[in-house]
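Down below is the structure, laid out as structure tokens.
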Amino acid sequence: MNKPSFRKSTVGRKVLAAVTGMILMAFIVVHLAGNLTLFIPDDGALFNSYAHHLEKMGPLLYAAEFALIVAFLIHIVMAVSVRKSQLDARPERYAVYASKGGPSKQTLSSRSMLVTGILLLLFIPLHVWMFKFNQAQAMPMVDVNGEQVKDLYLVVLTAFKMPQKAVAYVAVMLMLGLHLRHGFWSSFQSLGALAPKWVPAFYSAGLVIAILLAGGFIVMPLYLWQFGPDPETLRAAVATIGL
Ligand code: HEM
């Protein structure tokens, strides 16, 4: 009998889902780190400057974006197909879900991976459209260190001053937290990288990482909504005091 190729074998698909999941998580860490500049009370100067420097990377940025899209697509296809194989192999659902402890770790987070994954899949194009490509209004520009740069701070601030958008972001970030909580631990497990004695430590680390990453993204819209400057007067005030 022919052996299935690596990509088609369950182990191969799990490994591909795990590796691409780790790449996506690395992006989330970098994205959060950059976005933390939104908390600096400098009317967006550092955030706009950071986004501008990213944009100036040109072909390097396009290559990173391309790699991210490929990783994202592989992650979805592999994760969905592994889940499908598991369901095909065990079609009858459990009447009551309970964590078996040990390596299976059945939790709300593990059982909702498909649902939270689909919600993130719907969120990401909307999010990128909202903050990167939406040309409904011309992109506002602002002076940073004598250079005209995109005023992305104003775009993000204006969005999060709308309670419905701030609250929707918090809800999606909770989904992200649930996804990461199981995803982190499970990717190491799929790579066979965990000796049994390390399982509890990585399982707990998954919780800490999910809280830190999702928590960072949750506080952002809430902070700007409640404490951010008024977008209508922000740039006018800056112009008056001659910055
Ligand atoms: C409160 C939370 C977030 C804020 C304020 C935020 C802000 C932004 C902004 C301003 C951009 C446009 C950057 C630019 O054009 O240079 C962007 C792009 C992007 N964001 Fe977010 N983001 C948040 C959460 C997330 C999350 C949780 C994810 C993924 C799960 C994500 C994925 C992306 C992606 C994929 C891009 C496009 C990157 C690129 O094309 O270079 N964001 N985000």
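Numbering-wise (the working numbering), the sequence shown opens with residue 43 and increments by one.
By construction, the Cβ of each residue, glycine as well, lies at the ideal position given by its N, Cα and C atoms.
Does the Cβ-Cβ distance between residue 60 and residue 175 come in under 9 angstroms?
It is not a contact, given that the beta carbons lie outside the stated cut-off.
Is DSSP giving residue 215 helix, strand or coil here?
Three-state result, residue 215: helix.
Check for me: the beta strand (DSSP E) holding residue 183 runs from which residue to which?
Residue 183 -> beta strand (DSSP E) spans 183-186.
Alpha carbon to alpha carbon, how far is residue 157 from residue 170? Give it in angstroms, no decimals.
Cα-Cα distance, rounded: 20 angstroms.
Tell me whether the beta-carbon of residue 271 lies closer than 9 angstroms to the beta-carbon of residue 130.
For residue 271 and residue 130, no; Cβs fall outside 9 angstroms.
Do residue 255 and residue 72 have their CB atoms nearer than 9 angstroms?
No, they are not a contact pair.
Between the Cα of residue 210 and those of 168, 103, 125, spot the shortest distance and give me the residue it belongs to.
Of 168, 103, 125, the residue nearest in Cα terms is 168.
Can you find the residues in the same chain that come closer than 6 angstroms, C-beta to C-beta, to residue 63, ignoring five residues on each side of it along the sequence?
Same-chain partners within the cutoff: 117, 225, 229.
By the three-class DSSP mapping on this structure, what secondary structure does residue 98 have?
In the structure shown, residue 98 sits in a helix (DSSP, three-state: H, G or I).
Relative to the ligand SAH, is the shortest distance from any of its heavy atoms to the C-beta of residue 96 smaller than 8 angstroms?
The ligand SAH is absent from the structure shown, which contains only the ligand HEM.
Return the CA-CA distance between residue 249 and residue 241, expressed in angstroms with no decimal places.
Computed Cα separation, rounded: 13 angstroms.
Quick check: residue 55 and residue 127, are their CB atoms within less than 9 angstroms of each other?
In this structure, residue 127 lies closer than 9 angstroms to residue 55 by Cβ.
Measuring straight from C-alpha to C-alpha, what distance separates residue 285 and residue 100?
At residue 285, the pLDDT of 42 sits below 50, so the modelled position is not reliable and the matter cannot be decided from this model.
Tell me the DSSP secondary structure of residue 274 in three-state form.
Helix, per DSSP.
If you draw a straight line from the C-alpha of residue 183 to the C-alpha of residue 124, how long is it?
The straight-line gap from Cα to Cα measures roughly 46 angstroms.
Note down the Cα distance separating residue 79 from residue 189, rounded to an integer number of angstroms.
Going by the C-alpha atoms only, they are around 19 angstroms apart.
For residue 192, report the span of its beta strand (DSSP E) as first-last.
Note, residue 192: beta strand (DSSP E), 189-192.
Rounded to whole angstroms, what is the Cα-Cα separation between residue 247 and residue 253?
So the alpha carbons of these two residues sit roughly 10 angstroms apart.
Using the Cα positions of residue 10 and residue 244, report the straight-line distance between them to the nearest angstrom.
Nothing about residue 10 can be read from this structure; the chain reaches only from 43 to 285.
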